[in-house]
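In the working numbering, the protein residues as written are -16 to 317.
First up is the structure itself, then whatever we jot down about it.
Structure representation (structure tokens):
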């Protein structure tokens, strides 16, 4: 899987925050918060709550095991991380017609989604090569279905980027942050909602083909422009997103743990046993110069230990067990 670099990921989160939810923080303040988790760099409580939600949803998207494919539960998992600024029941598919979307072309009242129809549509939309057009179509589909009480466009855009990562595309999918492109995009999205006009799908794919991501001022970078690509955010980036730690993960339904490495499940009891993510872990950023710190993002927090991705299980007391190449441990400080 080809993950997103830090600039791409910041561009995705900043663009959706600004265009969908009126984020007022600058691009650089947004990036600094995602790197350090320092609320002092954000100017308002509303922006802070929004960026905390986007950070958590991005972490879930980055560390999902894409060998399991993209399905309804994957989409629910993204929305389930939006615990501060979205639905009353994050990750729960709507069962009533209790929402509407206000657009420049009028109000859109989405019908109650049907899970089987969603499952079939998502399978159909994600079984291709993972082109920008296919990612745009997945975004547009989920945005119009409005499966959840809130946070639907944010969820849809992260899911679309998950498709690009799963297929090793190398691109990110962002939305315009400045007029006239932003107004044009919103108008075409409204036409898609209300009139079944799918112009927005091709337009968004072409726009992203022509723009790599956003610059330090939050403006789109033309495709031919040279940019400083940061290291891959999901592997060894010392400036990667600072994930919240030592909190219970947001699980779905009655599952005791969330799918992790290899699609295994963790019972949340004795060990992580090689999982990427389990019911008692959260991701945390560790300074690049910290002892034994090999990666600032691919490290989970178990009670009593920090670990990096390897093949040896991590136990609650910070010791190792089992065979393999080993896992880097030290007492938890986050």
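Backbone N, C-alpha and C define an ideal beta-carbon position, used for all residues, glycine too.
Source: prediction; values computed, not measured.
_Less than 7 Å between the beta carbons of residue 96 and residue 76, yes or no?_
It is a contact, given that the beta carbons lie within the stated cut-off.
_Distance, residue 90 Cα to residue 116 Cα_ = Rounded to whole angstroms, the separation of the alpha carbons of residue 90 and residue 116 is 27 Å.
*Less than 7 Å separating the beta-carbons of residue 145 and residue 62?*
It is not a contact, given that the beta carbons lie outside the stated cut-off.
*asked:* Looking at the strands, I want to know which residues DSSP matches up with residue 197.
replied: Its beta-bridge partners are 203.
*asked:* If contacts are defined as beta-carbon pairs under 8 Å, then residue 127 and residue 93 qualify, I think. What distance do you get, rounded to the angstrom?
replied: Indeed they touch by this definition, with Cβ atoms about 7 Å apart.
_Nearest candidate by alpha-carbon position, reference residue 123, set 108, 48 and 132_ = Of the candidates 108, 48 and 132, the one whose C-alpha sits nearest the C-alpha of residue 123 is 108.
_residue 1 beta carbon less than 7 Å from that of residue 114_ = No. Outside cutoff.
*In terms of DSSP beta bridges, what is residue 85 paired with?*
Residue pairing by DSSP places residue 85 opposite 90 in a beta bridge.
_Contact check, residue 3 vs residue 112, beta carbons under 7 Å_ = Not in contact: residue 3 and residue 112 (Cβ atoms no closer than 7 Å).
*asked:* For a test of the three-state rule: what should DSSP assign to residue 110, helix, strand or coil?
replied: It is coil, neither helix nor strand.
_For residue 183 and residue 171, which I take to be in contact (beta-carbon distance under 8 Å), what is that distance rounded to the nearest angstrom?_
Sure, about 4 Å apart at Cβ, within 8 Å.
*For residue -9, I'd like the list of residues in its chain whose CB is within less than 6 Å of its CB, leaving aside the five on either flank, ordered along the chain.*
In its chain, beyond the 5 residues on either side, 155 and 196 have a beta carbon closer than 6 Å to the beta carbon of residue -9.
*Sequence ranges, alpha helix (DSSP H) only - wholly within the region 138 to 196, length at least 4*: DSSP assignment within the region 138 to 196 yields the following whole alpha helix (DSSP H) runs of 4 residues or more, N-terminal first: 164 to 178 and 182 to 193.
*asked:* Taking 7 Å as the threshold (C-beta atoms), are residue 173 and residue 88 in contact?
replied: One thing to note: residue 88 has its Cβ within 7 Å of the Cβ of residue 173.
*Over what stretch of residues does the alpha helix (DSSP H) that includes residue -5 continue unbroken?*
Where residue -5 is concerned, the enclosing alpha helix (DSSP H) starts and stops at -11 to 4.
*Give the secondary structure of residue -15 by DSSP, where H, G and I count as helix, E and B as strand, and everything else as coil.*
Residue state, collapsed to three classes: coil.
*Candidates 118, 24, 148 and 166: which alpha carbon is nearest residue 188's?*
With respect to the C-alpha of residue 188, the residue from 118, 24, 148 and 166 having the closest C-alpha is 118.
*Looking only at C-alpha atoms, which of 27, 7 and 49 sits nearest to residue 151?*
For the residues 27, 7 and 49, the minimum Cα distance to residue 151 belongs to 49.
*Decide if residue -6 is buried, meaning its Cβ has at least 16 other Cβ atoms within 10 Å, or exposed.*
Label assigned to residue -6: buried.
_Any heavy atom of the ligand NAD closer than 6 Å to the beta-carbon of residue 171?_
The ligand NAD is not part of this structure, which contains no ligands at all.
*For residue 139, which option in 57, 80 and 52 has the closest C-alpha, if you only look at C-alpha atoms?*
Among 57, 80 and 52, the Cα nearest to that of residue 139 is on 57.
_Within 7 Å, strictly: CB atoms of residue 70 and residue 168_ = In this structure, residue 168 does not lie closer than 7 Å to residue 70 by Cβ.
*Spell out a yes or no on whether the region 29 to 39 and the region 5 to 17 are touching, meaning 3 or more CB-CB pairs, one atom from each, closer than 8 Å.*
By the Cβ rule, the region 29 to 39 counts as touching the region 5 to 17, because three or more pairs are nearer than 8 Å.
_Through-space distance from residue 79 to residue 11, alpha-carbon basis_ = Spanning the two alpha carbons is a distance of roughly 40 Å.
_Tell me which residues share the same chain as residue 68 and place their Cβ nearer than 6 Å to its Cβ, disregarding the 5 neighbours each side in the sequence._
Close CB contacts of residue 68 within its chain, under the 6 Å cut and outside five residues either way in sequence, are with 32, 33 and 36 (chain order).
_Residue from 162, 85, 100 and 17 whose Cα sits closest to the Cα of residue 177_ = Of the candidates 162, 85, 100 and 17, 85 places its Cα closest to the Cα of residue 177.
*asked:* Within the continuous alpha helix (DSSP H) that includes residue 116, where are the two ends?
replied: 115 to 128 is the span of the alpha helix (DSSP H), which, as asked, contains residue 116.
*Contact belief for residue -4 with residue 13 at Cβ below 8 Å, rounded distance in angstroms*: Correct: roughly 7 Å between the Cβ atoms.
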